[in-house]
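In the working numbering, the protein residues as written are 2 to 255.
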């Protein structure tokens, strides 16, 4: 199968998944259609929240091409979500120190953001912040608007954790502008879910619900089942704040 046909196969599979609406870096990775299918299936598993099933597929792909940096990034993401935080941090540090990645602003920024998120998750906020800032600088210098938008979402969560809601809103607004410049037909659900959390904290429950519904619409459009489940759980919490406990229970069960 030619490289051109292989490219078309991967783009066809992932297009059906809606993945390209969320991530414009996916492409064919090899002339071997088996490797391309393994990669497409791995991305599908990631979107479905089946990260334990994605890992061996990514290992197959990397066994064929260890220098495929995007697959290595996805692998580090899977390790993080599966709770293998130390292994994920090691993987991200190796990626951020790779000279080939440093020459590619989009991948470099994405790996830096991943490393910062792992450090952030372990409570080392002061250590995470300069890495987020470095990621943002790399993404902006390379005009990588998607990565600019993504890192600003993560930075807004850091602000939220510090209870600096004004700074969090500002970064979410900047993230929205970055994605709008890409003319995306749908914004990442994490923007809306973060806005919902801020609104809930301020007691603006109607505004929070509007943003929860937008988050669900976005995540369902791209087939992101893992984050959809997180938002449904958060929606249940919102219903509890509203005193609507039966509806909250239904949402938690969903």
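Glycine included, every Cβ here is placed at the ideal spot set by N, Cα and C. Since the structure is predicted, the reported quantities are computational estimates derived from the model, not experimental observations.
Item                                                                                                                                      : Value
Starting from residue 225, follow the alpha helix (DSSP H) in both directions and report where the run begins and ends.                   : No alpha helix (DSSP H) holds residue 225; DSSP gives it neither H nor E.
Quick one: any contact between the stretch 244–254 and the stretch 96–108, if contact means 3 or more CB pairs under 8 Å?                 : no
Go ahead and pull the three-state DSSP assignment for residue 237.                                                                        : helix
Tell me which same chain residues have a C-beta within less than 7 Å of the C-beta of residue 89, skipping the five on either side of it? : 77, 80, 81 and 119
Is it true that the CB of residue 212 sits closer than 9 Å to the CB of residue 222?                                                      : no
In terms of alpha-carbon separation, which member of 92, 93 and 109 lies closest to residue 100?                                          : 109
Which residue comes first and which comes last in the alpha helix (DSSP H) that contains residue 130?                                     : 126–142
Determine the DSSP secondary structure at residue 191, reduced to helix, strand or coil.                                                  : helix
Rounded to whole angstroms, how far is the Cβ of residue 179 from the Cβ of residue 149, which I believe are closer than 8 Å?             : 4 Å
Specify the secondary structure class of residue 251 as computed by DSSP and reduced to three states.                                     : helix
Can you tell me which of 164, 124 and 191 puts its alpha carbon nearest to the alpha carbon of residue 153?                               : 191
Would you mind sorting residue 123 into buried or exposed? The rule is 16 or more other CB atoms within 10 Å of its CB.                   : exposed
Do you know offhand how far residue 26's Cα is from residue 244's?                                                                        : Reliability of the predicted coordinates at residue 26 is poor, the pLDDT of 48 falling under 50, and the value obtained from them is presented with this limitation in mind. Each residue's Cα considered, the two are about 43 Å apart.
DSSP state of residue 184, grouped into three classes?                                                                                    : coil
If I'm right that residue 43 touches residue 37 with Cβ under 8 Å, what's the distance once you round it to whole angstroms?              : Between residue 37 and residue 43 the Cβ distance is about 11 Å, and since that is not below 8 Å, they are no contact.
Just how far apart, CA to CA, sit residue 56 and residue 159?                                                                             : 28 Å
With a cut-off of 8 Å on the beta carbons, I'd call residue 194 and residue 235 a contact; round off their distance for me.               : 7 Å
Verify whether the separation of the beta carbon atoms of residue 64 and residue 93 is less than 9 Å.                                     : no
Check this for me: beta carbons of residue 74 and residue 58, under 9 Å apart or not?                                                     : no
From this set, 112, 52 and 61, which residue's C-alpha is nearest residue 85's C-alpha?                                                   : 52
Under 6 Å Cβ to Cβ from residue 215, same chain only, skipping five residues before and after it: list those, please.                     : 193
Do you know how far the Cα of residue 47 is from the Cα of residue 60?                                                                    : 14 Å
With a threshold of 8 Å (Cβ to nearest heavy atom), would residue 223 be considered close to the ligand MG?                               : In the structure shown, the ligand MG is absent, as is every other ligand, since no ligand is present at all.
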